[in-house]
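In my numbering, the protein residues as written are 2 to 340.
Every residue gets a Cβ at the ideal spot worked out from N, C-alpha and C, and that includes glycine.
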Ligand SMILES: *Cc1c(COP(=O)(O)O)cnc(C)c1O
């Protein structure tokens with residue numbers, strides 16, 4: 002079975018499991034797990050930050066950061082299809098009692114001008130703008146990447162206005178590999194970054210929030226109240242350390258394979274359009290007459306899984322567990338769609 006639904010479906014490799022078995026562990030609520038500490042420090046170091054906080058999911062790291070930055074009656078500026086707004090169960094309202102100012106981005110990417118226009122002026126009727134949040138790569142935007150100049154402009158604006166800047170970096174390593182940007186430089190622009198280890202990096206579980214030591218200290222209490230204090234989490238942190246060493250550079254293979262799929266789809270007579278495949282996500286629209294359910298049923302008959310992504314829309318995701326032979330199988334199946 003070739004599973005293109007998400008890069009979260011990967012299984013740990015034998016070498017990753019080996020690293021997990023060997024991990025020294027302790028009780029992380031007592032701050033006695035050396036492997037968790039190593040992972041948090043390594044993530045912070047790589048992104049030019051002071052401290053890190055290991056959590057079970059990217060939803061948790063995002064929502065903890067939002068809670069830490071905001072207060073009730075305040076507002077978060079984000080893109081209208083951002084994960085923090087669309088796919089985290091309305092957690093901004095639930096956890097933080099905060100409002101959202103939604104921007105319409107270009108494949109999920111917003112400009113400094115758009116952000117500037119959404120910052121609230123002082124007025125008793127308005128919530129107070131307390132956070133700007135970006136997503137890179139942008140999931141709903143088809144794995145699109147921000148260029149560095151735009152990030153710098155938005156960060157400069159945020160600093161001038163004294164508004165914290167958060168990055169949902171669930172797929173930040175895909176962005177780094179695709180653009181050649183340096184992870185250390187991100188710490189100069191962002192106050193907090195959420196990094197997923199269980200997406201392209203292929204670990205079974207885990208995300209890390211990085212930021213200043215004082216902010217991460219505050220976030221530790223928020224994680225605890227969400228029930229996210231954990232014990233011998235070092236077994237999972239070891240998978241993250243292994244992935245940072247061994248699974249970052251290979252993301253270029255996923256990107257190459259995504260481009261192959263995108264090129265074949267662009268040629269297919271039953272495809273309306275394909276979003277540019279900059280990283281490991283390929284989002285495309287089927288022409289009217291072939292529904293996404295019919296298309297997915299055809300793939301299923303060929304032992305391929307993919308995700309419906311709205312009316313006529315489908316998403317393919319390349320990852321660690323799909324090799325060139327798997328891509329060849331998908332390309333063959335794309336040739337035999339009856340449209
Ligand atoms: C997957 C994802 C997350 C976090 O998801 P979890 O399943 O909670 O780990 C956050 N942001 C983006 C853009 C994602 O794609």
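Which residue marks the beginning of the beta strand (DSSP E) containing residue 167, and which one marks its end?
Position 166 of the chain shown, counted from the start, is the residue given in the question as residue 167. Here the beta strand (DSSP E) through residue 167 covers 166-170.
Assuming residue 205 and residue 240 form a contact by the criterion Cβ under 8 angstroms, report the distance between their Cβ atoms to the nearest whole angstrom.
Your numbering for residue 205 matches position 204 in the chain shown. Your numbering for residue 240 matches position 239 in the chain shown. Confirmed, about 6 angstroms.
Within the same chain, show all residues whose beta-carbon is closer than 6 angstroms to that of residue 50, passing over the 5 residues directly before and after it, in chain order.
Walking along the chain shown from the start, residue 50 turns up at place 49. The beta carbon of residue 50 lies closer than 6 angstroms to those of 188, 211, 212 in the same chain, with the five residues before and after it left out.
Residue 60 Cβ short of 7 angstroms to ligand 1 heavy atom set
Taking the first residue of the chain shown as position 1, residue 60 is located at position 59. In this structure, residue 60 has its beta carbon less than 7 angstroms from a heavy atom of ligand 1.
Rounded to whole angstroms, what is the Cα-Cα separation between residue 148 and residue 10?
Taking the chain shown and counting its residues from 1, the one referred to as residue 148 is at position 147. Taking the chain shown and counting its residues from 1, the one referred to as residue 10 is at position 9. Between the alpha carbons of residue 148 and residue 10 lies a gap of roughly 29 angstroms.
In chain order, each alpha helix (DSSP H) run of at least 4 residues that lies wholly inside the stretch 6-34:
Assignment of alpha helix (DSSP H) within the stretch 6-34, counting only whole runs of 4 or more residues, yields 15-22 in chain order.
Start and end residues, beta strand (DSSP E) containing residue 52
Here residue 52 corresponds to residue number 51 of the chain shown, with the count starting at 1. Per DSSP, the continuous beta strand (DSSP E) segment holding residue 52 begins and ends at 52-56.
For the stretch 64-73 against the stretch 270-283, are there 3 or more C-beta pairs whose distance is under 8 angstroms?
No, because fewer than three Cβ pairs between the stretch 64-73 and the stretch 270-283 fall closer than 8 angstroms, the two stretches do not touch.
Residue 4 beta carbon near ligand 1 (any heavy atom closer than 7 angstroms)
Position 3 of the chain shown, counted from the first residue, corresponds to residue 4. It does not: the Cβ of residue 4 is nowhere closer than 7 angstroms to a heavy atom of ligand 1.
Looking at the strands, I want to know which residues DSSP matches up with residue 316.
Counted from its first residue, the chain shown places residue 316 at position 315. Paired residue(s): 284, 308.
Neighbourhood of residue 280 by C-beta distance below 6 angstroms, restricted to the same chain and skipping five residues each side
Taking the chain shown and counting its residues from 1, the one referred to as residue 280 is at position 279. Answer for residue 280: 138, 144, 175, 179, 256, listed in chain order.
Continuous alpha helix (DSSP H) stretch holding residue 222: start and end:
What you label residue 222 is simply residue 221 of the chain shown in a count that begins at 1. Following the DSSP letters along the chain, one finds residue 222 inside the alpha helix (DSSP H) bounded by residues 214-226.
Does the Cβ of residue 146 lie closer than 7 angstroms to at least one heavy atom of ligand 1?
Position 145 of the chain shown, counted from the first residue, corresponds to residue 146. Relative to ligand 1, even the nearest heavy atom lies 7 angstroms or more away from the CB of residue 146.
Roughly how far, in whole angstroms, is the beta-carbon of residue 62 from the beta-carbon of residue 112, given that I think they are within contact range, below 8 angstroms?
On the chain shown, residue 62 is found 61 positions in, with the first residue counted as 1. On the chain shown, residue 112 is found 111 positions in, with the first residue counted as 1. Not quite, the Cβ-Cβ distance comes to about 26 angstroms (not below 8 angstroms), so this is no contact.
Looking at C-alpha atoms only, which residue of 28, 252, 117, 268 is the closest neighbour of residue 79?
Residue numbering aside, residue 79 sits at position 78 when the chain shown is read from its first letter. The shortest Cα separation from residue 79 among 28, 252, 117, 268 belongs to 117.
At which residues does the alpha helix (DSSP H) containing residue 196 begin and terminate?
Residue numbering aside, residue 196 sits at position 195 when the chain shown is read from its first letter. Membership of residue 196 in any alpha helix (DSSP H) is not indicated; the residue belongs instead to the beta strand (DSSP E) covering 193-197.
Can you tell me whether residue 264 is helix, strand or coil according to DSSP?
On the chain shown, position 263 is the one that residue 264 refers to. Three-state result, residue 264: helix.
Consider the C-beta atom of residue 197 and the heavy atoms of ligand 1; say whether any pair is separated by less than 7 angstroms.
Taking the chain shown and counting its residues from 1, one reaches residue 197 at position 196. The answer is yes for residue 197.
Distance cut-off 7 angstroms: residue 63 Cβ against heavy atoms of ligand 1
The residue given as residue 63 occupies position 62 in the chain shown. Result yes, Cβ under 7 angstroms from ligand 1.
Count the other CB atoms within 10 Å of the CB of residue 288; is the residue buried (16 or more) or exposed (fewer)?
One-based indexing of the chain shown puts residue 288 at position 287. It counts as exposed.
Determine contact between the stretch 212-230 and the stretch 42-56, defined as no fewer than three beta-carbon pairs at a distance below 8 angstroms.
In short, these stretches touch, since the Cβ pair count reaches three.
Supposed contact pair residue 77 and residue 67 - C-beta distance, whole angstroms, cut 8 angstroms
For the purposes of this step, residue 67 is taken as residue 66 along the chain shown, with counting starting at 1. For the purposes of this step, residue 77 is taken as residue 76 along the chain shown, with counting starting at 1. The C-beta distance from residue 67 to residue 77 rounds to 6 angstroms, short enough to fall under 8 angstroms.
When you compare the CB positions of residue 303 and residue 278, do they come within less than 8 angstroms of one another, or not?
Residue numbering aside, residue 303 sits at position 302 when the chain shown is read from its first letter. Residue numbering aside, residue 278 sits at position 277 when the chain shown is read from its first letter. No, Cβ-Cβ distance for residue 303 and residue 278 is not below 8 angstroms.
Less than 8 angstroms between the CB atoms is what I'm expecting for residue 284 and residue 316, so what's the real figure, rounded?
Counted from its first residue, the chain shown places residue 284 at position 283. Counted from its first residue, the chain shown places residue 316 at position 315. The distance from the Cβ of residue 284 to that of residue 316 is about 5 angstroms, consistent with a contact at the 8 angstroms cut-off.
If you measure from the CB of residue 169, is any heavy atom of ligand 1 nearer than 7 angstroms?
Here residue 169 is taken as the residue at index 168 of the chain shown, counted from 1. Yes.
Residues in its own chain within less than 6 angstroms of residue 59 by CB, not counting five upstream and five downstream?
As a first step, residue 59 must be located in the chain shown, where it is residue number 58. Contacts found: 171, 195, 197, 208.
Please give me, in chain order, every unbroken run of the alpha helix (DSSP H) with length at least 4 that falls completely inside the stretch 133-164.
You should have 149-162.
Could you give the first and the last residue of the continuous beta strand (DSSP E) run that contains residue 80?
Here residue 80 corresponds to residue number 79 of the chain shown, with the count starting at 1. Element bounds for residue 80: 75-80.
Closer than 7 angstroms to a non-hydrogen atom of ligand 1 - does that hold for the CB of residue 308?
For this step, residue 308 is matched to residue 307 along the chain shown. Flag unset: Cβ of residue 308 not near ligand 1.
How many Å lie between residue 226 and residue 168 at the Cα?
In the chain shown, residue 226 corresponds to position 225, counting from 1. In the chain shown, residue 168 corresponds to position 167, counting from 1. Note on geometry: alpha-carbon atoms of residue 226 and residue 168 lie some 23 angstroms from one another.
Please list, in chain order, all residues of the same chain as residue 307 whose beta carbon is under 7 angstroms from its beta carbon, the five residues on each side excluded.
In the chain shown, the residue the question calls residue 307 occupies position 306. Exclusion of the five residues before and after residue 307 leaves 5, 6, 297, 300, 315, 316, 317 as the residues of its chain whose Cβ lies within less than 7 angstroms of its Cβ.
In whole angstroms, what is the alpha-carbon distance linking residue 236 and residue 324?
The count along the chain shown starts at 1 and reaches residue 236 at position 235. The count along the chain shown starts at 1 and reaches residue 324 at position 323. Using only the alpha carbons, I get a separation of about 27 angstroms.
Would the C-beta of residue 80 count as close to ligand 1, meaning under 7 angstroms from any of its heavy atoms?
Looking up residue 80 in the chain shown gives position 79. Checking the Cβ of residue 80 against ligand 1 gives no.
Please find out if some non-hydrogen atom of ligand 1 comes closer than 7 angstroms to the beta-carbon of residue 208.
Taking the chain shown and counting its residues from 1, one reaches residue 208 at position 207. Indeed, a heavy atom of ligand 1 lies less than 7 angstroms from the Cβ.
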